[in-house]
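Notes follow the structure.
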Amino acid sequence: MVERSLGPAFWRFWGASALANLGDGIRVAAFPLLAAALTASPLGVAAVAAAQFLPWLVTGLLAGALADRRGARQLIVAADAGRVAVLVTLVVAVASGWATVALVVAAAFLLGVGETVRDTAAQTAVPRLVHDSQLEKANGRLIAGEVVGNEFVGPPVGALLFVAGAALPFAVNGATLALAVMLVLSLPLSLARRPAPVTPTSERPGVLAGARWLARNPMLRTLVLVGAAVGAADSAWFAIFVLYARDSLGLGAFGFGLLLATGAAGGLLGSFAADRLIARFRHRAVLAWSLALTAGTPALLVVAPDRWAAATVVVTTSATFAVLNVTALAIRQRAVPADLLGRVVAAARTVTYGCTALGALLGGALAATLGAEAPFLFSATVAVLATAAWWSASRPGQNPSGARGV
Numbered sequence: 024m025v026e027r028s029l030g031p032a033f034w035r036f037w038g039a040s041a042l043a044n045l046g047d048g049i050r051v052a053a054f055p056l057l058a059a060a061l062t063a064s065p066l067g068v069a070a071v072a073a074a075q076f077l078p079w080l081v082t083g084l085l086a087g088a089l090a091d092r093r094g095a096r097q098l099i100v101a102a103d104a105g106r107v108a109v110l111v112t113l114v115v116a117v118a119s120g121w122a123t124v125a126l127v128v129a130a131a132f133l134l135g136v137g138e139t140v141r142d143t144a145a146q147t148a149v150p151r152l153v154h155d156s157q158l159e160k161a162n163g164r165l166i167a168g169e170v171v172g173n174e175f176v177g178p179p180v181g182a183l184l185f186v187a188g189a190a191l192p193f194a195v196n197g198a199t200l201a202l203a204v205m206l207v208l209s210l211p212l213s214l215a216r217r218p219a220p221v222t223p224t225s226e227r228p229g230v231l232a233g234a235r236w237l238a239r240n241p242m243l244r245t246l247v248l249v250g251a252a253v254g255a256a257d258s259a260w261f262a263i264f265v266l267y268a269r270d271s272l273g274l275g276a277f278g279f280g281l282l283l284a285t286g287a288a289g290g291l292l293g294s295f296a297a298d299r300l301i302a303r304f305r306h307r308a309v310l311a312w313s314l315a316l317t318a319g320t321p322a323l324l325v326v327a328p329d330r331w332a333a334a335t336v337v338v339t340t341s342a343t344f345a346v347l348n349v350t351a352l353a354i355r356q357r358a359v360p361a362d363l364l365g366r367v368v369a370a371a372r373t374v375t376y377g378c379t380a381l382g383a384l385l386g387g388a389l390a391a392t393l394g395a396e397a398p399f400l401f402s403a404t405v406a407v408l409a410t411a412a413w414w415s416a417s418r419p420g421q422n423p424s425g426a427r428g429v
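Counted the way the working numbering counts, the sequence shown spans residues 24 to 429.
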């Protein structure tokens, strides 16, 4: 049997996503470095991390409704153009010397608002760009591009640019988004139209329709909740990781960027291997292992607080998070009706990123009150609870979702 090609339209879409993620990766290193330069408070640094995810609580459900009522192409273009405007303002503020932690938090929040719209629209576009049998492969390639931009290329570039000039990372981020907009404009006109209803009578109005559908599906509901818990655990330790790397590991700005880039090797491996792992072990087992390793591995730094352990943690968590995302995305894209996909994606991401924002703040509070090791121990606790909850909820006979082969 000849393997289907993903097609030129998908690869243009992939190129736009890769450019946007490259800019996001530059910010992954630049935002905490800028925050740490402006304040020594763990809570202040964590607030910048939390502000990037908090918009899902405010605009996430609205972004889902927009994705079900507007074409993916126009939403992605509008979101990225808006983010370019925010970045230009931030560049001016940093270059002129009047940037404050409050301003950086505000910029991070607005950039997060744009991300809610872009990411939700992008997930509804994938099933219309590739055949159903290729969803795992397509999602894996998209996440590989995300890993390369967010973890491999972006962070060291962002750190290096920050050393050269604090405003430079954000200027380059704006340029990558502008290029992404041009690529999105070249996509087929079918992505400029709203998704077709499943049947002529399947219109389900309301911003909360996706949340209600998700709440009635036990298996997918549990998947969202355990994913959100692991996201909170991951952000709890990562929000203060820049301070841990500086104070406990003795790493400077560029060393921190290189450490993050090291993790990308694991992320690439996970994103390319996910479809093969799913084909061999099925979704249930793959999700259980990825939940356990993503949240459990950071505890290694409690018993081995050195650079080698830190590298192991970022590589492993990046790999297993990639597998987790590919698997969960494919289940959701197959199980959810087309005219509800945007709102269900938004509902799921609102829960996940809302917990991620709270996890970042909790990580800062734990580190400030109990010490730098506390967020790592918190993450390990979540690993045990989340894995057990998923394994129980996904037992044979507990899957009314229509997601085949779970």
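Glycine is no exception: its CB is placed at the ideal position from the N, C-alpha and C atoms.
As assigned by DSSP and simplified to three states, the class of residue i
i    : result
P328 : coil
H154 : coil
P398 : helix
L134 : helix
P31  : helix
G229 : coil
N162 : helix
G94  : coil
L300 : helix
N430 : The requested residue 430 does not occur in the structure, where the chain is confined to residues 24 to 429.
T245 : helix
T340 : helix
L266 : helix
Proximal residues to residue i (C-beta, below 7 Å), its chain only, five neighbours per side dropped
i    : result
A311 : T410, W413 and W414
A58  : G67, V68, V71, V124 and V127
S294 : G163, I166, A167, V170, A345 and V349
A131 : F54, V71, A74 and Q75
S209 : R35
V359 : V367
Neighbour-count burial assignment, residue i, 16 or more Cβ in a 10 Å radius
i    : result
A297 : buried
R96  : buried
S40  : buried
F185 : buried
G177 : buried
P192 : buried
W302 : Checking the displayed sequence, the identity of residue 302 turns out to be Ala instead of Trp. Exposed.
H154 : exposed
T392 : exposed
G250 : buried
W121 : exposed
D362 : buried
M24  : With a pLDDT of 39 at M24, under the threshold of 50, the modelled position of that residue is not reliable, and no figure is offered here.
Presumed contact (8 Å Cβ cut-off) between residue i and residue j, rounded CB distance
i    : j    : result
G172 : D257 : Actually they do not touch by this definition, with Cβ atoms about 18 Å apart.
V253 : A104 : Contact flag wrong, Cβ pair sits at about 33 Å.
T375 : V309 : Not quite, the Cβ-Cβ distance comes to about 18 Å (not below 8 Å), so this is no contact.
G83  : A369 : 5 Å
L400 : V326 : Rounded, the Cβ-Cβ distance is 11 Å, inconsistent with contact.
V265 : L56  : 7 Å
G280 : A182 : 3 Å
W236 : V367 : 6 Å
G135 : P65  : That belief does not hold up - the Cβ atoms of G135 and P65 are roughly 21 Å apart, past 8 Å.
Nonlocal neighbours in the same chain, by C-beta distance under 8 Å from residue i, ignoring five residues either side
i    : result
T199 : L42, A43, L45, G46 and I49
A395 : I263, L266, Y267, D270 and S271
Own chain, CB closer than 6 Å to residue i, minus 5 neighbours either side, in chain order
i    : result
A286 : Checking the displayed sequence, the identity of residue 286 turns out to be Gly instead of Ala. Here the set comprises E174, V337, V338 and S341.
A63  : none
V81  : none
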